[in-house]
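To keep things clear, I will list the structure first and then write my remarks on it.
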Amino acid sequence: MKELNTDLFDPRTTLMEPDFSRAVTPSADADGDDFGFAFNDSNFSDRLLRMEIMGDTPESRPDSEACTSIADWARHRKRRREDIKKENILDLAECPEEQILNDNQPDMDDCEGCENQDEEAVAMVEESPSGDEAANSNDSDWGMDCSTVVRVKTLHISSPILAAKSPFFYKLFSNGMRESEQRHVTLRISASEEAAVMELLNFMYSNTLSTTTAPALLDVLMAADKFEVASCMRYCSRLLRNMPMTPESALLYLELPSSVLMAEAVLALTDAAKQYLAVRYKDISKFFEEVMALPLAGIEAIISSDELQVASEDAVYDFVLKWCRTHYPKLEERRDILGARLARYIRFPYMTCRKLKKVLTCNDFDHEAASKLVLEALFFKAEAPHRQRILAAEESGTLNRRFVERAYKYRPVKVVEFDLPRQQCVVYLDLKREECANLFPSGRVYSQAFHLGGQGFFLSAHCNMDQQSSFHCFGLFLGMQEKGSVSFAVDYEFAARSKPTEEFISKYKGNYTFTGGKAVGYRNLFAIPWTSFMADDSPFFINGVLHLRAELTIKQ
């Protein structure tokens with residue numbers, strides 16, 4: 001018969017790996033196990049935790065007294081990171097390496113990495129069980145550090161409770177080494193972490209926090225990441241997500257240390273921050289100076305959005321270049337940022353061919369990378385519409401959404417140009433049913449510009465009243481961009497695909513001598529009321545899309 005009296009923390013005992021994914025989540029707090037009654041109670045504890053609080057400079061303490069806002073927390077944290085880099089707090093050369101257990105990698109054989117550029121170094125050391133043993137061993141100087149211990153806290157802890165919530169503590173208590181056999185554990189932390197670590201330890205028992213301010217929750221989130229308490233990270237993330245978001249807080253969440261950002265537990269918080277920035281700055285033109293001052297993480301959140309309200313993808317490209325040249329004046333840095341971080345968010349397939357030509361000669365991009373992006377864009381433009389929709393659908397659930405069309409102010413067009421026997425261009429404009437529906441009662445939508453004979457033209461679709469002002473109808477117009485004294489004689493023809501043949505059928509022909517800023521067209525292109533045009537059985541919508549074509553020829 002198997003012996004029942006086995007020691008859970010005997011290194012010779014075979015332990016089952018715990019399933020940390022089943023740790024209590026915020027949504028299950030009310031029903032989760034609450035061991036708050038056992039916190040720091042010797043009756044329910046099997047070990048003593050000795051917390052050595054190391055000295056901090058007053059300026060580096062981002063506690064709730066020093067930080068009353070997210071902005072304060074960010075400033076304190078930035079200053080603290082700079083101090084760490086300058087001072088190199090933990091000098092491992094002065095400490096016997098076998099005596100230090102790094103909190104991020106609990107492996108006694110690996111002491112490189114005890115320095116964390118984002119946080120003060122935290123060491124876990126085992127105290128000798130008694131004074132007699134310490135006097136007769138080489139362990140009497142365990143816990144030596146160049147920093148000053150300003151105070152010590154001793155807590156009764158339950159190793160099963162901590163191990164169940166944290167892979168870090170699980171490895172510490174079950175790794176088969178000396179520390180797993182000891183009943184005294186020393187945790188060395190900085191004074192700036194004390195409040196957060198105490199909150200974290202209490203959470204591991206009770207599944208709740210007493211702190212409610214954003215700065216304090218961020219400190220707890222950092223501590224939870226350090227000690228791998230995913231359930232607490234989720235809890236902090238949920239509380240922060242439910243607080244009013246500001247540009248400052250959203251940017252701070254996106255610029256947390258990479259170890260925190262990569263944690264699944266904070267994905268909902270970072271997603272909410274990205275969504276907030278994308279919605280707030282969806283019309284870049286209204287906040288141009290403010291957006292130009294944003295850091296890289298904020299720009300990525302904005303230009304990755306499908307709802308970005310820009311004239312065209314050309315405008316996105318121009319903005320990204322301007323922002324990069326402002327923030328990264330050195331060419332090599334700028335190329336790295338564009339190639340590795342920002343180019344993926346520019347929808348090159350929806351840029352005009354004229355702008356794509358400029359990409360090929362732009363020095364800010366690596367030439368090989370630019371050639372690949374432009375070639376991919378041109379191949380997409382050459383695809384049939386149904387193939388384009390398939391490609392866009394395939395990427396709709398991924399981070400790389402280069403084939404997904406944004407809500408452009410100026411709708412993309414396809415253009416086929418001819419020089420002989422006469423200068424001519426054929427322009428294709430597709431409008432979705434919902435885009436047409438949004439035009440009612442007096443809206444209009446413009447196409448991107450296209451060129452013929454060196455002049456810029458555009459199409460505009462309208463919902464307007466018919467000639468007698470008796471009912472609404474769909475109108476299509478052709479305009480010339482350039483203002484001034486230039487005159488330009490053009491023959492034009494409008495056509496639309498129609499059921500049942502789904503072929504283009506000519507709807508209107510004419511000729512016009514354009515002067516800058518003028519437009520010509522037909523107020524009721526289909527000669528039917530708006531209600532008939534938008535009806536479910538309308539012959540002009542094929543799979544929910546209205547296909548329009550305009551042919552322009554320069555008159556000889």
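Numbering-wise, UniProt numbering puts 353 at position 353 of the sequence shown, and it's gapless, one number per residue. For glycine and all other residues, C-beta sits at the position ideal for the given N, C-alpha and C. None of these values were measured; they are calculated from a predicted model.
Sequence-distant residues of the same chain with beta carbon closer than 6 Å to residue i, five excluded per side
i, result
"Asp430", "Val545 and His547"
"Val427", "Val413, Val415, Phe450 and Ala550"
"Leu373", "Phe348"
"Asp145", "Reliability of the predicted coordinates at Asp145 is poor, the pLDDT of 45 falling under 50, and the value obtained from them is presented with this limitation in mind. There are no such residues."
"Leu209", "Glu199 and Phe203"
Proximity below 8 Å, CB of residue i to CB of residue j
i, j, result
"Met292", "Lys153", "no"
"Ala38", "Tyr205", "yes"
"Tyr410", "Ser312", "yes"
"Asp318", "Leu338", "no"
"Ala272", "Arg241", "yes"
"His156", "Ser45", "yes"
"Lys499", "Ile528", "no"
"Tyr522", "Leu476", "yes"
"Met233", "Ala268", "no"
"Met351", "Ala384", "no"
"Val486", "Lys555", "no"
"Ser166", "Phe203", "no"
"Gly55", "Ala223", "no"
"Glu255", "Pro215", "no"
"Ala496", "Phe540", "yes"
"Gly443", "Cys463", "yes"
"Lys509", "Leu525", "no"
"Ala407", "Glu503", "no"
"Phe379", "Gln388", "no"
"Ala263", "Asp225", "yes"
"Asp482", "Gln455", "What sits at residue 482 in the sequence shown is Glu, not Asp. A contact, by the Cβ cut-off of 8 Å."
Beta-carbon separation (whole angstroms), residue i vs residue j, contact threshold 8 Å
i, j, result
"Leu552", "Phe458", "No, Leu552 and Phe458 are not in contact; Cβ-Cβ is about 11 Å, not under 8 Å."
"Ala519", "Ser460", "7 Å"
"Thr513", "Phe474", "That belief does not hold up - the Cβ atoms of Thr513 and Phe474 are roughly 26 Å apart, past 8 Å."
"Val150", "Ile284", "That belief does not hold up - the Cβ atoms of Val150 and Ile284 are roughly 50 Å apart, past 8 Å."
"Asp314", "Lys355", "4 Å"
Beta-carbon proximity list for residue i, same chain, < 8 Å, skipping 5 on both sides
i, result
"Glu395", "Arg401, Arg402, Phe403 and Val404"
"Lys303", "Here residue 303 turns out to be Ile, not Lys, going by the sequence shown. The answer, listed in chain order, is Val316, Phe319, Val320, Leu342, Tyr345 and Ile346."
"Ile390", "none"
"Lys432", "Gly544, Val545 and Leu546"
Enclosing alpha helix (DSSP H) for residue i [first to last residue]
i, result
"residue 563", "The structure shown does not extend to residue 563, since the chain is modelled only from 1 to 556, so the question has no answer here."
"Ile303", "Leu296 to Ile303"
"residue 559", "Outside the modelled stretch of the chain, which goes from 1 to 556, sits residue 559, for which no answer is possible."
"Ala214", "Ala214 to Lys226"
"Cys362", "It is not in any alpha helix (DSSP H) - Cys362 carries neither H nor E in the DSSP assignment."
"Ser210", "Counting along the chain, Ser210 falls outside any alpha helix (DSSP H), and DSSP gives it neither H nor E."
"Tyr253", "Pro247 to Leu254"
"Lys322", "Glu313 to His327"
Residue i versus residue j - alpha carbon distance
i, j, result
"Arg549", "Lys286", "33 Å"
"Ala196", "Gln275", "28 Å"
"Cys436", "Glu199", "56 Å"
"Cys324", "Arg334", "6 Å"
"Met534", "Leu439", "11 Å"
"Glu434", "Ile299", "29 Å"
"Arg280", "Thr211", "29 Å"
"Thr186", "Leu49", "6 Å"
"Lys322", "Ser174", "55 Å"
"Leu252", "Ser532", "52 Å"
"Leu492", "Thr515", "Leu is not the amino acid found at residue 492; the sequence shown has Tyr there. Spanning the two alpha carbons is a distance of roughly 15 Å."
"Ser42", "Leu201", "15 Å"
"Ile84", "Thr148", "Residue placement at Ile84 is poorly supported in this model, since its pLDDT is 45, which falls under 50; the coordinates still yield a value, given next. Cα to Cα, Ile84 sits roughly 16 Å from Thr148."
"Ala301", "His386", "29 Å"
"Leu360", "Ala250", "35 Å"
"Gly479", "Cys362", "31 Å"
Same chain, Cβ closer than 7 Å to residue i, five either side skipped, listed in chain order
i, result
"Ser305", "Ala278 and Lys282"
"Asp34", "Ser206 and Asn207"
"Asp466", "Cys473, Arg523 and Asn524"
"Asn5", "Confidence in Asn5 is poor, its pLDDT being 40 and thus under 50, which makes the residue's placement too unreliable to answer from."
"Ile505", "Ala495, Ala496 and Ser498"
"Asp63", "Residue confidence is low: Asp63 scores 45 on pLDDT, short of 50, so the model does not pin down where it sits. Its coordinate-derived value is still stated next. Here the set comprises Ser192 and Ala195."
Opening and closing residue of the beta strand (DSSP E) in which residue i lies
i, result
"Val266", "No beta strand (DSSP E) holds Val266; DSSP gives it neither H nor E."
"Ile346", "Premise fails: Ile346 is in no beta strand (DSSP E) and is neither H nor E."
"Glu551", "Val545 to Ile554"
"Ile390", "Ile390 -> not in any beta strand (DSSP E); alpha helix (DSSP H) instead, spanning Pro385 to Glu395."
"Met54", "Arg47 to Met54"
"Lys518", "Note, Lys518: premise wrong, no beta strand (DSSP E); not H, not E."
"Met534", "Where Met534 is concerned, there is no enclosing beta strand (DSSP E), given that its DSSP letter is neither H nor E."
"Ile189", "His184 to Ser190"
Proximity test, residue i beta-carbon vs the ligand COA heavy atom, cut-off 7 Å
i, result
"Asn43", "The model on display carries no ligand, and the ligand COA is accordingly not part of it."
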